[in-house]
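Protein chains in written order, with numbering that gives the first Met the number 0: chain A, 0 to 309; chain B, 0 to 343.
Below is one structure, written out as structure tokens, with a few remarks after it.
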Amino acid sequence: MELTTPKPSIFRRISTALHNHPGLFLLLLLALPLGWMLLVYIGSLIGLLIQSFFYLDGFTGQVVRQFTLRTYGDLFTRPHMEIFGRTVAMAASVTVGAALMAFPLAYYTVRYTSRRLRAILYLLILLPLWSSYIIRVYSWKLILAKEGIVSWFVGQLGLTAVLDWVLRLPVIGGPSLSISSLGLFLVFLYIWLPYMILPIMASLERVSKSLGEASGDLGARPSTTFRYVTLPLAFPGVVAGSIFTFSLTLGDYIIPSVIGDSSPFIGMTVYSYQGTSGNIPLAAAFTVLPITIMAIYLLVARRLGAFEAL
Amino acid sequence: MTFAIEFNNVSRHFGEVRAVDDVSFTVRDGEFFTLLGPSGSGKTTCLRMIAGFEQPTAGRIVLYGRDVTTLPAYDREVNTVFQDYALFPHMTVGDNIGYGLMVRKVPKPERERQVAEMLKLVRLPGMERRKPSQLSGGQRQRVALARALINHPKVLLLDEPLGALDLKLRQQMQVELKAIQHEVGITFIFVTHDQEEALTMSDRIAVFDMGQIVQIGAPSDLYERPRTRFVAGFVGTSNILSGETAVTITGSAQPFSVRPEKIRLVDVATAVPAAHCAIEGQVQDVVYVGMHTRYTVALPSGEEMIVVQQNMDVTPQNGTAVRGKAVRLVWPRAANNVLEEAIG
């Protein structure tokens, strides 16, 4: 009797070919994401960088496609630097505030909750991200308004004088919470908080419970354990979270145009330069700034050893 | 006399689960005391209660005369070597070992001196600057040991510390652990599920089953005189005989156990010497294990007995030749160990 093997199907032959040529398989696997990254993402970043070295001819309103540092000269002027300083200060405060709020919450969720409660808490943390960002920002405008629920609640507590005193403070104050830097800070904090909580939770989950027990076993009180074991090991999570909160605040243009006293932020300025005034080179130069800050920030974080425990 | 550790009717219940149920025992000063049992038998929970990671639901734990039942882990003069070592991954070996001293604010030069001394004790001199991730399993084990011993604890707790090591390394560490205990002279409480390890290392062993201690004794006591069917089967291999078979052999139905190596396998024509027990059977299976040969013998009742013979005259060829043959099993009456259970 003759042994015949059935002719392999086309799919089997494709599988075999891919199995025998792992390089080809890898190419197929990565073609789409890699193409996207290179063309759309890196490509537009390079385009942006090139644009920032052109300049806008004031007379004709045309972009002059010629290498020049004139646009950067415009960028490093006092009003622009004020916008820049204001945005970075806000991004830094929001990051610190978010870290202070997120750490205890993440710590509680990871260390003290049952599996079931933890799932519920995860859901609650993520829930705000399901609704429209614009709607949430406008809701906060009403919540913080002079006749809003916060003022009412403060009034019910008999603390209106305290709120008025806070609102009279320079820089952070204003006519009402919704028209003050303090209000703006609160809304930023609310909007970006989940992006701080989730990475901290992920990093705390990787810190084995027995490490805490070992520290206690060696005579360390809970506060000492936190300082020398838990915090250093969870720090990469804080840095990861801060990258989100810092860069998201740095680039946002909707929240500062809805809440606050309309002082311009980087995002708003970029928006108006590239839209209303058509000054694409200046808008591009303005965008290069936050990118530079983030690059420096990441280098510093690496220097601090934030990525070593990863 | 003050005991190193006293457990007085200690229980630890997790809801319905009785992880540890009314356990009492004492450990003498300087003793190598092993908690032996299958997983889930309560031995690790007992260790964690001594360390202070778990609180008993009932009962008292006394450490060198001092009631420590409610004392937090960081105030107890005991240290633990964890099963997963629990070395701090972000610290160097030196900082890991010196951690207990750092917490107690011992000045840095003194700390470094003691760390170097400890590294010498565990035979890892000069490894201060390494990170735990750069060490092998056996080396991490030694670092964990040094980190615990540097604090001169009154009692050292070891939670299956050799479980993750391969056989050769494990045997080497067993010897070294004993040597180190001898050198530092402190009480060791050792948790393991490996009966051979327990027999080799311990002064005394407490055998755990289902949250309770079923027997406490020296390794030879446990091996020669197991009190229950569980201990007889868990510590080494035993032939447990009861019912009709027991009546045939001893004239009584009282269950008893006999170790496979106490039995001799002889020709059916061989006479039974005085003060010996005997039973006939048929060789079912022969396994050549190098140092010895293991025979499975089927009794007329259908039960099986295991017999182990040293390979003094046996070769792989003539050893297997008895397969299927009728044989007589003979052993001294004194090798019978009566089990504490009702005749069923």
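Backbone N, C-alpha and C fix where the C-beta goes; we use that ideal spot for every residue, glycine too.
Residue span of the beta strand (DSSP E) that contains residue i, given as start and end
i: residue 349 of chain B; result: Any property of residue 349 of chain B remains undetermined from this structure, which presents chain B solely from 0 to 343.
i: residue 281 of chain B; result: 275-287
i: residue 75 of chain A; result: No beta strand (DSSP E) contains residue 75 of chain A, which DSSP labels as neither H nor E.
i: residue 297 of chain B; result: 291-297
i: residue 18 of chain A; result: Per DSSP, residue 18 of chain A belongs to no beta strand (DSSP E); it is in the alpha helix (DSSP H), 9-19.
i: residue 242 of chain B; result: Looking at the DSSP string, residue 242 of chain B is not in any beta strand (DSSP E); the run it does join, the alpha helix (DSSP H), is 242-249.
Cβ-based burial, residue i [other Cβ within 10 Å; buried from 16]
i: residue 42 of chain B; result: buried
i: residue 132 of chain B; result: exposed
i: residue 229 of chain A; result: buried
i: residue 31 of chain A; result: exposed
i: residue 81 of chain A; result: exposed
i: residue 109 of chain A; result: buried
i: residue 192 of chain B; result: buried
i: residue 48 of chain B; result: buried
i: residue 115 of chain A; result: exposed
i: residue 89 of chain A; result: buried
i: residue 250 of chain B; result: exposed
i: residue 112 of chain B; result: exposed
i: residue 255 of chain B; result: buried
i: residue 36 of chain A; result: exposed
i: residue 118 of chain B; result: buried
Element boundaries [alpha helix (DSSP H), containing residue i]
i: residue 261 of chain A; result: Here residue 261 of chain A belongs to no alpha helix (DSSP H), and DSSP marks it neither H nor E.
i: residue 331 of chain B; result: Per DSSP, residue 331 of chain B belongs to no alpha helix (DSSP H); it is in the beta strand (DSSP E), 325-331.
i: residue 268 of chain B; result: That residue, residue 268 of chain B, is in no alpha helix (DSSP H); it is neither H nor E in DSSP.
i: residue 216 of chain A; result: 208-216
i: residue 94 of chain B; result: 92-96
i: residue 238 of chain A; result: 230-250
i: residue 224 of chain A; result: 221-224
i: residue 25 of chain B; result: Careful: residue 25 of chain B lies outside any alpha helix (DSSP H), inside the beta strand (DSSP E) at 16-26.
Separation of residue j from residue i, as counted between CA atoms
i: residue 196 of chain B; j: residue 184 of chain B; result: 20 Å
i: residue 104 of chain A; j: residue 184 of chain A; result: 20 Å
i: residue 344 of chain B; j: residue 222 of chain A; result: Nothing about residue 344 of chain B can be read from this structure; chain B reaches only from 0 to 343.
i: residue 157 of chain B; j: residue 182 of chain A; result: 55 Å
i: residue 259 of chain B; j: residue 218 of chain B; result: 18 Å
i: residue 256 of chain A; j: residue 67 of chain A; result: 32 Å
i: residue 245 of chain B; j: residue 173 of chain B; result: 39 Å
i: residue 162 of chain A; j: residue 153 of chain A; result: 7 Å
i: residue 268 of chain A; j: residue 282 of chain A; result: 8 Å
i: residue 90 of chain B; j: residue 130 of chain B; result: 7 Å
i: residue 144 of chain B; j: residue 78 of chain B; result: 9 Å
i: residue 53 of chain A; j: residue 73 of chain A; result: 12 Å
i: residue 149 of chain B; j: residue 116 of chain B; result: 9 Å
i: residue 265 of chain A; j: residue 227 of chain A; result: 38 Å
i: residue 157 of chain A; j: residue 69 of chain B; result: 45 Å
i: residue 169 of chain A; j: residue 186 of chain A; result: 19 Å
i: residue 247 of chain B; j: residue 210 of chain B; result: 36 Å
i: residue 223 of chain B; j: residue 7 of chain B; result: 28 Å
i: residue 320 of chain B; j: residue 221 of chain B; result: 35 Å
i: residue 139 of chain B; j: residue 190 of chain B; result: 18 Å
i: residue 348 of chain B; j: residue 20 of chain B; result: No answer is possible for residue 348 of chain B: it lies beyond the span of chain B, which begins at 0 and ends at 343.
Within-8 Å CB hit, residue i to chain B
i: residue 73 of chain A; result: no
i: residue 204 of chain A; result: no
i: residue 226 of chain A; result: no
i: residue 231 of chain A; result: yes
i: residue 207 of chain A; result: yes
i: residue 116 of chain A; result: no
i: residue 213 of chain A; result: yes
i: residue 303 of chain A; result: no
i: residue 297 of chain A; result: no
i: residue 27 of chain A; result: no
i: residue 210 of chain A; result: yes
CB contact below 8 Å: residue i versus chain A
i: residue 81 of chain B; result: yes
i: residue 87 of chain B; result: yes
i: residue 99 of chain B; result: yes
i: residue 13 of chain B; result: no
i: residue 128 of chain B; result: no
i: residue 197 of chain B; result: no
i: residue 3 of chain B; result: no
i: residue 52 of chain B; result: yes
i: residue 139 of chain B; result: no
i: residue 231 of chain B; result: no
Per-residue contacts from residue i into chain E (C-beta, under 7 Å)
i: residue 102 of chain B; result: Here chain E cannot be found, since the structure's protein chains are A and B.
Kindly provide the ranges of any beta strand (DSSP E) runs that are 3 or more residues long and lie completely inside the region 102-188 of chain B, ordered along the chain. 154-158
In chain order, which continuous runs of the beta strand (DSSP E) of length 3 or greater are located wholly inside the region 191-238 of chain B? 203-208 and 211-216
In chain order, which continuous runs of the beta strand (DSSP E) of length 3 or greater are located wholly inside the region 94-181 of chain A? none
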